[in-house]
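Colleague:
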Amino acid sequence: MTKTDMKVFEKLESEVRSYCRSFPTVFTKAKGYKMWNEEGKEYIDFFSGAGALNYGHNDPVMKSKLVDYILNDGVTHSLDMATAPKAEFLETFNEVILKPRNLDYKVMFPGPTGTNTVESALKLARKVTGRTDIISFTNGFHGMTIGALSVTGNSFKRKGAGIPLQNVVTMPYDSFVNDDLDTLEYLERFLEDSGSGVAIPAAMILETVQGEGGINAARFEWLQRIESICKRWGILLIVDDVQAGVGRTGTFFSFEKAGIIPDIVCMSKSIGGYGTPLAITLIRPELDIWDPGEHNGTFRGNNHAFITATAALDYWKDETFEKSIQEKSERIYKFLEDIVAKYPEIKGEVRGRGFMVGVASEIEGLASRVSAEAFERGLIMETAGPNDEVFKLFPALTIDESGLEKGFEIIENSLKAVLG
Ligand code: PMP
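Just so you know, we're using my numbering here: the sequence shown kicks off at 5 and counts up by one.
#1: Which residues in the same chain as Trp237 place their Cβ atom closer than 6 Å to its Cβ, once the five residues preceding and following it in sequence are excluded?
#2: Name the one or two DSSP bridge partners that Lys306 has.
#3: Ignoring anything shorter than 3 residues or poking outside the stretch 179-242, list the beta strand (DSSP E) runs there in chain order.
#4: Any residue with its Cβ nearer than 6 Å to a heavy atom of the ligand PMP should be included. What is that list in chain order?
#5: Tell me the residue span of the beta strand (DSSP E) that contains Ala34.
#6: Is the distance from the Cβ of Thr136 to the Cβ of Gly157 below 8 Å?
#7: Tell me which same chain residues have a C-beta within less than 7 Å of the C-beta of Trp320, skipping the five on either side of it?
#8: Distance check for Ala125 and Ile139, CA to CA, integer angstroms please.
#9: Sort Gly147, Leu153 and Ile230 by Cα distance to Pro176 and report the nearest one.
#10: Taking the alpha-carbon positions, what's the Ala54 to Thr133 distance?
#11: When you compare only the Cα positions, how much space is there between Asn417 and Ile350?
#12: Using the C-alpha atoms, what's the distance from Ile287 back to Phe303?
#13: If distances are taken between C-alpha atoms only, which option among Val30, Val79 and Ile219 comes closest to Trp397?
#14: In this structure, how does DSSP classify Asn417 when only helix, strand and coil are distinguished?
#15: When we look at the beta-carbon of Gln214 and count the other beta-carbons within 10 Å, is it buried (16 or more) or exposed?
#16: Which residue or residues does DSSP assign as beta-bridge partners of Met112?
#17: Ala345: buried (16+ other C-beta within 10 angstroms of its C-beta) or exposed?
#18: Spell out the partners DSSP gives Ile139 in its beta bridges.
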């Protein structure tokens, strides 16, 4: 790419973290786990729209259902009105996802994005409990509007907007200090001693595996203890499954294997299935005390997203899909473990769960250099963590063995090139 070309890309975004600059090309086509640029160069996609494309690009079944719906003049936009695609989505979600897992939630449509579902959860928790404080966790990421940003443990993102931590207490996430320091005991002591200044909060909000914060997977025991602390104090537990949900960690919900049941669950990204914007907030039925119209928004009734979201749930109708994610994720994990052992100079640590994995390197800038080199070689791979110290593998859950192998080869060759 020439310098002049690069200038064009620089104009496309401001100084925030910029995908245009990380992946400087113009994409024109995408299918499954592959993308192509305007010159026809093929890329393996290990980014998957930051988790919005868990089923890959242009899934053929979702595409044909969407095209049929459009060709038949199906209603596109309908705010909160009842439509057939919306009813079908709700029914299918209940039958295919909630019932088999013995989960009883009401589904709310809070707006089209992950940030919207987080905002609705924070508001509802305050309304239900009559309290205002929220406990959030170090390196958590929950979105960019004022409420969601105030529970986001990233001072760079908060600072410029002048977002103070109003009514938010940030606590250490699992293993934030080290595996042995019991930070939850510390938290309980705070809660027991109201005189210390920590008012009993309305809710705790967390990701079971932190995505943007560096692929930090909380241990199941830690999550179970969080759940029991919440129960003991009448604090609502909000799990933000915007990135870790929809199969990314190996099960539909990221908290299933931990055996916890959150009071509120936030979902977006891959819930629409096709890159179609949709968010849902799952609420324990007795918490649904919204007054009519109290939380609304224009783009809550995107019927194209309902069509693809319903079609996407076909993947979950039997256990084979979940099994295949788990098998492939073992392959990914093994590849990363081998890389870390083979190249000790990267001082790497494998992190994550399921298809939400990465390597954290102690070598400053290494992850970004590997990602840039991989891009040159035809692989799209993002970095994560407060200092971009993690290169993050996020292939589509539908990727086949050959796609994984091609990606692995590019990663290893990129690593060798960076190490010289
Ligand atoms: N929560 C989590 C865990 C996320 O990863 C993100 C987006 N990366 C959000 C919330 C915000 O979602 P959106 O960008 O759709 O507003």
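Note that CB positions come from ideal geometry on N, CA and C, so glycine has one too.
Modeller: To lay it out plainly:
#1: Leu195 and Ile204
#2: What sits at residue 306 in the sequence shown is Asn, not Lys. The partner list for Asn306 (beta bridge, DSSP) reads His81.
#3: You should have 207-210.
#4: Ala54, Thr117, Gly118, Thr119, Val122, Phe145, His146, Gly147, Glu211, Gly215, Glu216, Asp244, Val246, Gln247 and Ser272
#5: Phe31 to Lys35
#6: No, the pair does not count as a contact, with Cβ atoms beyond the cut-off.
#7: Val100, Ile101 and Phe256
#8: 13 Å
#9: Ile230
#10: One Cα belongs to Ala54, the other to Thr133, and the distance between them is close to 33 Å.
#11: 14 Å
#12: For Phe303 and Ile287, the distance between alpha carbons rounds to 20 Å.
#13: The sequence shown places Leu at residue 397, rather than the Trp named in the question. When only C-alpha atoms are compared, the closest one is Ile219.
#14: helix
#15: Under the 10 Å beta carbon count, Gln214 is surrounded by 16 or more other beta carbons and is classified as buried.
#16: Beta-bridge pairing by DSSP links Met112 to Thr285.
#17: It counts as exposed.
#18: Val173 and Met208
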